[in-house]
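Take a look at the structure set out below.
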């Protein structure tokens, strides 16, 4: 499971307006869906947070590596995302978006949906505290590969 939060999204709404913010959310949702398998549900989790359920991953280190790979791919893709918004005074382009991502995997992080949500949320806030635009995994909010 991945929980993703758009970093500094308030600045998008404040700087470009809520309609532009909605366009960014729509573009991010489309990007998420394009970056995962058709069997992986993607949903908005409130505000500027999204959840991705990576279905059928193996338990243990292999599943963790696959989830991390998906999270990093999504993070990099959103980093390069450009959103064009029609506006009354002319079109605007919004760039330099980033997401922080928390990852939880079945097995070591729990079995129930509630357990996985709680662990992924904890890892998400570890990513934000570490400076944003990064991925953290599991109960300890560790840096993958370290």
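Numbering (our numbering), first residue to last: 57 to 202.
Note that the Cβ used here is the ideal one computed from N, Cα and C, for glycine as well.
Nearest-angstrom Cα separation, counted from residue j out to residue i
i: residue 120; j: residue 144; result: 46 Å
i: residue 175; j: residue 134; result: 23 Å
i: residue 184; j: residue 125; result: 19 Å
i: residue 115; j: residue 196; result: 18 Å
i: residue 109; j: residue 71; result: 32 Å
i: residue 75; j: residue 168; result: 36 Å
i: residue 68; j: residue 151; result: 10 Å
i: residue 171; j: residue 153; result: 29 Å
i: residue 79; j: residue 131; result: 18 Å
i: residue 43; j: residue 93; result: What the structure shows of the chain is the stretch from 57 to 202, and residue 43 is not part of that stretch, so it cannot be assessed.
i: residue 129; j: residue 91; result: 7 Å
i: residue 141; j: residue 147; result: 6 Å
i: residue 123; j: residue 73; result: 34 Å
Beta-carbon separation (whole angstroms), residue i vs residue j, contact threshold 8 Å
i: residue 111; j: residue 95; result: 5 Å
i: residue 199; j: residue 61; result: Incorrect: roughly 17 Å between the Cβ atoms, too far for contact.
i: residue 138; j: residue 149; result: 6 Å
i: residue 160; j: residue 179; result: 7 Å
i: residue 65; j: residue 118; result: That belief does not hold up - the Cβ atoms of residue 65 and residue 118 are roughly 33 Å apart, past 8 Å.
i: residue 63; j: residue 177; result: Actually they do not touch by this definition, with Cβ atoms about 16 Å apart.
i: residue 106; j: residue 85; result: 7 Å
DSSP bridge partner residues for residue i (one or two, in chain order)
i: residue 155; result: 62
i: residue 148; result: 141
i: residue 94; result: Note: residue 94 sits in no beta bridge, so no partner.
i: residue 100; result: 106
Host beta strand (DSSP E) of residue i (start-end)
i: residue 82; result: Element bounds for residue 82: not the beta strand (DSSP E) but the alpha helix (DSSP H), 74 to 91.
i: residue 192; result: 191 to 193
Range of the contiguous alpha helix (DSSP H) that encloses residue i
i: residue 175; result: 169 to 185
i: residue 162; result: Premise fails: residue 162 is in no alpha helix (DSSP H) and is neither H nor E.
i: residue 117; result: 117 to 135
C-beta contact flag for residue i and residue j at 7 Å
i: residue 173; j: residue 127; result: no
i: residue 192; j: residue 158; result: yes
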